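Asks: One structure, as structure tokens, below. Some questions next.
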Amino acid sequence: MSTPAAAPGAWARFLDSDVWFSFRTSPVAMVAAVIAFVCVFCAVFAPWVAPHNPFDLAKLELGDGRLPPAWMDEGRLRYLLGTDDQGRDILSALMYGARISLFVGLASVLLSVVVGVSLGLLSGFVGGRLDAFLMRVCDVMLSFPPILVALLIDGVGRAMFPDAHEALAFGVLIFAISLTGWVPYARTVRGSTMVERNKEYVQAARVIGVSPRRIMLRHVLPNVLGPVLVLATIQVGQAILTEATLSFLGVGVPPTAPSLGTLIRIGNDFLFSGEWWITIFPGLMLLLIALSVNLLGDWLRDAINPRLR
Amino acid sequence: MAVTADKPLLEVRHLRVEFPTRRGTLLALDDVSFEIAPGEVLGVVGESGAGKSLTGASIIGLLEPPGRVAGGEIVFDGRRIDHLSHDQMRAIRGREIGAIFQDPLTSLNPLYTVGRQLVETIQTHRPVSAQEARARAIRLLQDTGIPAAEARIDHYPHQFSGGMRQRVVIALALAAEPRLIVADEPTTALDVSIQAQIIALLKRLCREHGAAVMLVTHDMGVIAETCDRVAVMYAGRIVEIGPVHDVIHAPAHPYTAGLMGSIPAMDQERERLQQIEGAMPRLNAIPPGCAFNPRCPKAEDRCRRERPDLAAAGATRAACWLAASPPGDGR
Amino acid sequence: MLAFVLRRLLQAIVVMLTVAFLAFMLFQHVGDPVTSLLGQDATQEQKDRLRQELGLDQPFPVQFAAFVGNAVKGEFGISMRQGRKVSSLIADRFPATFELALVAALMALLIGIPLGVYAALKRGRFGAQLAMAVSLLGVSLPTFLIGILLILVFSVFLGWLPSFGRGDTVQIGSWSTGLLSADGLQHLILPALTLAVFQLALIMRLVRAEMLEVLRTDYIKFARARGLQDRAVYFGHALKNTLVPVITITGLQLGGLIAFAIVTETVFQWPGMGLLFIQAVQFADVPVMAAYLCLIALIFVLINLAVDLLYFAVDPRLRIERTT
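Protein chains in written order, with the working numbering: chain S, 1 to 309; chain L, 1001 to 1331; chain G, 2001 to 2324.
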């Protein structure tokens, strides 16, 4: 004569899940998450969190240029990590730069996921020659290093629109980077789609007349979300690094919106005169972001993998 | 088939195997005890998850972590082997105790020829020259019924069919002349038509080489054909053990009786197969007392409270309060 | 097997044609092809005549065929920025990039594979965890940052190694090599190391992951059950089975080194093809971009082919038909 307990809500189930347990007991994952969170927070809220606005030309004092970090001689607390030759505060430039870097990174991964998942669904479901063709394209794309693809697209874009508007330059850049990353999603989703497609319930649904699109969206997609999430997490790190590399090479973000890569490039010129902080701190920030994202991606992959549990 | 009452080749006493998990420690084998005499074929039968494979893995020392032996003893030829060092155990494997696994396709390294794998095994355990080893390998292949052994010794595993591969596996297991073979479901992955051949081969070769066999399977038919004695396992425990004929035709434990009843028989008139209600409990939900009591048609109060040990019950030994021999035999 | 090789060759040709098509499109629609070929200072008359000569008024397939014909001969016209023939520019720069990539590849393989095996076998020990942590750093640091850090430590602070250019090179026929002089070798160290780090980390992680998978297989379990020595189990069986897929994946990766060199060459001002390409992108120098594209595609296709053949040679399951 006992009343059955209420079924646990979604939050309670999450707290009891293996994934959360794995997170709680993995110090690495927790630290990485904290670091990632701090970086993202600073980046997103840079205009409010940063001590200065390095792009406000009116506020710059050239006399404050080339100051070392605060803990060294001649450093000043006002500019915690030093300044560059124009008097811009490195710490603030870091945060604004991270903002740009994160924006480009996330946007390109998002585009990659959308393109890759759609193509994968299409390829897996339709099969036949379309599938074979798409897989060949994937093979070819995979064998080209991402830098090269991004450079080419960027170069072509540059040549075709020499006086590009800033937004267009960003668009081309995001498109270029996203093109380097869509293949793994397409492959994974295609694989899962093909597996699901052959299952009886799909065939039954087709016989009844349910549209293929509905089948794909309602049944295949949920199964694929796990691996796609892991891939996306790792790819955000790679996308950020690719953008940084392109900006370092001078063919990335426009100079009016410097990302971490741009900052490193600018700072590189001062390396030999001893003002190492101008390039090293943006570099460290880049490293922190990439590292924490990679660690989270690694942990997530192990946590979701049923075989390792 | 009478077996001389020598000192037993293998004694397992009160073996306990644990699996620490994040939700607590699971007891996968709980107080398992049995013996194998030299040259004897002992069958170990039970449902999936009853602990048969784990028993075999513990004996040969290949328990996968985090599983570990948490109690009891394994004594081989008078010597304790359950807590030996890595090197000491390695010396025993192959030479004294051999193993055969279920899937012949994945048991053989696809990148090496069958001959190389045989010769390597032989030379690891005996100081013979390469030619001598190769000659022995060819003889082994011929013994296991592989035609044109001299040519096929240089073939790769994927060039053999499933049944042939298992013959190669048997040859490999016997290559160093062990005295005990642990065979874990050796025919489950094979075609039904080949199963009988392979089992007969295994039995014959082991008899010829003087090796005892611990045959783990869920197929009672195989047990009936091949074994001298059989142990029935349930939820990590042995519930009945005895000579094959007695266990099959006069089972003392209700679970064994249920198993026998569920086997279709040609010589009986029966309308429906008997089924045992319910399912074997999961390792983290084993009931107190006798593990079988929720499904047992004859369960009494005592069964639900106290766990029975193996005790004489007619011609076999069974872990059941109700099957114990009638009072008056010295209890 | 012959069928397999033929099929791969056919695929290779298709890929090359596709790339040639893309390069051709670049030529046609980005910038003026005539200007590309003649340079900026040609007169209108010269341009018109060339237009006719080149058959730019011809139908598309004819033009494309001509382009491919020229490309196969290595003829890509004149660099818009430098005024020299593209083919000679590339020929000049090729040895520098090739040597850099070769040394980096060797470093990545000779350090990465042993470390990966070690990390798999001694899993959980401090050394292995340290190696994995360092490898994580290796894939999280962008190549240019690694280069900058190395320059900072070894050139600026310690002053041990040079950070700029190739140093003294020795000319052997038309190939200038930096491997035969001490100065050349010194200049090679930091750039090669920079280029190698990412690949090294990847290889190490790949080898470790693959080896851990292999160690879980039934045939390794069976090998242990037969009492084989640890050495035989790990290095005779597990290692060989690990390396077969790894070597093929690695081969493809290393092909990418030639392209990855772009960044390294920029950081160290290494006079190779990569630096040439970057300058071409910055100046929208189409002939150079097109030529580089085709050359890289060719290298990739060749490496792909070589790797496929390698796979064939190593895995008996592909070589020998099943005889069941």
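Note that CB positions come from ideal geometry on N, CA and C, so glycine has one too. Computed from a predicted structure; not experimentally measured.
Does DSSP put residue 1053 of chain L in a helix, in a strand, or in coil?
Replies: helix
Asks: What are the complete alpha helix (DSSP H) segments, minimum 4 residues, inside the region 2153-2181 of chain G?
Replies: Entirely contained in the region 2153-2181 of chain G, not one alpha helix (DSSP H) run reaches 4 residues.
Asks: Please tell me whether residue 1060 of chain L has its Cβ less than 9 Å away from any Cβ of chain G.
Replies: Residue 1060 of chain L counts as touching chain G.
Asks: Is there at least one Cβ from chain G nearer than 9 Å to residue 73 of chain S's Cβ?
Replies: no
Asks: When we look at the beta-carbon of residue 116 of chain S and count the other beta-carbons within 10 Å, is it buried (16 or more) or exposed?
Replies: buried
Asks: With a threshold of 8 Å, establish whether the CB of residue 1157 of chain L neighbours any heavy atom of the ligand SAM.
Replies: As far as ligands go, the structure on display features none, and thus does not contain the ligand SAM.
Asks: If we call anything under 9 Å between Cβ atoms a contact, is residue 1197 of chain L one with residue 1145 of chain L?
Replies: Yes; because the gap between Cβ atoms is below 9 Å, this pair is in contact.
Asks: Give the residues from the region 235-248 of chain S that approach chain G closer than 7 Å (Cβ to any Cβ), ordered along the chain.
Replies: 237, 241, 244, 245, 248
Asks: Let me confirm a value: residue 145 of chain S is counted as buried when at least 16 other C-beta atoms fall within 10 Å, else exposed. Which label applies?
Replies: buried
Asks: Where residue 2263 of chain G and residue 118 of chain S are concerned, what is the direct C-alpha to C-alpha distance, given to the nearest angstrom?
Replies: 32 Å
Asks: If contact is defined by three or more beta carbon pairs under 8 Å, each pair taking one atom from either stretch, is the region 1192-1208 of chain L in contact with the region 1218-1227 of chain L?
Replies: Yes: at least three Cβ pairs fall under 8 Å.
Asks: Please state the DSSP three-state secondary structure of residue 72 of chain S.
Replies: coil
Asks: Which stretch, first to last residue, makes up the beta strand (DSSP E) that contains residue 1214 of chain L?
Replies: 1212-1217
Asks: Below 8 Å, can you find three or more Cβ-Cβ pairs linking the region 239-257 of chain S to the region 99-112 of chain S?
Replies: yes
Asks: Who are the near neighbours of residue 1343 of chain L in its chain, counting only those whose CB is closer than 6 Å to its CB and skipping five residues on each side?
Replies: Given that chain L is displayed from residue 1001 to residue 1331, the structure contains no residue 1343 of chain L and the question cannot be resolved.
Asks: I'd like the list of long-range same chain contacts for residue 194 of chain S, defined as Cβ closer than 6 Å, with 5 residues on each side in sequence excluded.
Replies: 124
Asks: Take residue 2068 of chain G as the anchor and find which of G/2110, G/2023, G/2158 has the nearest alpha-carbon.
Replies: Nearest option by C-alpha distance: G/2023.
Asks: Report the rounded CA-to-CA distance for residue 2151 of chain G versus residue 1085 of chain L, giving the unit in angstroms.
Replies: 50 Å
Asks: In angstroms, rounded to a whole number, what distance separates the CA positions of residue 1016 of chain L and residue 1071 of chain L?
Replies: 5 Å
Asks: Note down, one range per segment and in chain order, each alpha helix (DSSP H) of at least 4 residues found wholly within the region 245-308 of chain S.
Replies: 260-268, 277-304
Asks: Hey, how far is the Cα of residue 2172 of chain G from the Cα of residue 2178 of chain G?
Replies: Each residue's Cα considered, the two are about 11 Å apart.
Asks: Assign residue 1048 of chain L to one of two classes, buried (16 or more other C-beta atoms within 10 Å of its C-beta) or exposed (fewer than that).
Replies: exposed
Asks: In three-state DSSP terms, what is residue 972 of chain L?
Replies: An answer regarding residue 972 of chain L cannot be provided, because it is not within the stretch 1001 to 1331 covered by chain L.
Asks: Counting contacts by CB-CB distance shorter than 9 Å, is residue 2219 of chain G in contact with chain L?
Replies: yes
Asks: Quick one: grab the DSSP three-state call for residue 1001 of chain L.
Replies: In this prediction, residue 1001 of chain L has a pLDDT of 43, which is less than 50 and means its spatial position is unreliable; nothing more can be read from the coordinates.
Asks: Where does the unbroken alpha helix (DSSP H) through residue 1281 of chain L begin, and where does it stop?
Replies: Annotation for residue 1281 of chain L: no alpha helix (DSSP H) segment contains it, and DSSP assigns it neither H nor E.
Asks: Using a Cβ cut-off of 7 Å, pull out every chain G residue sitting near residue 279 of chain S, in sequence order please.
Replies: What residue 279 of chain S touches in chain G: 2148.
Asks: For residue 1119 of chain L and residue 2308 of chain G, I'd like the C-alpha separation in whole angstroms.
Replies: If you take the alpha carbons of residue 1119 of chain L and residue 2308 of chain G, they lie about 31 Å apart.
Asks: Where does the unbroken alpha helix (DSSP H) through residue 1158 of chain L begin, and where does it stop?
Replies: Note, residue 1158 of chain L: premise wrong, no alpha helix (DSSP H); not H, not E.
Asks: Leaving aside the five residues before and after residue 2137 of chain G along the sequence, list all residues of the same chain whose C-beta is less than 8 Å from its C-beta, in chain order.
Replies: 2201
Asks: Are any of the Cβ atoms in chain S nearer than 9 Å to that of residue 2090 of chain G?
Replies: no
Asks: Using a beta-carbon distance below 9 Å, is residue 286 of chain S in contact with chain G?
Replies: True, the Cβ-Cβ gap to chain G drops below 9 Å.
Asks: Residue 1042 of chain L and residue 1259 of chain L look like a contact to me (Cβ under 8 Å); what is the Cβ gap, rounded to whole Å?
Replies: Incorrect: roughly 17 Å between the Cβ atoms, too far for contact.
Asks: Looking at the unbroken alpha helix (DSSP H) that takes in residue 2127 of chain G, where does it start and where does it end?
Replies: 2126-2140
Asks: In whole angstroms, give me the CA-to-CA distance for residue 221 of chain S and residue 121 of chain S.
Replies: 9 Å
Asks: Quick one, which of G/2010, G/2076, G/2025 has its alpha-carbon nearest residue 2295 of chain G's?
Replies: G/2076
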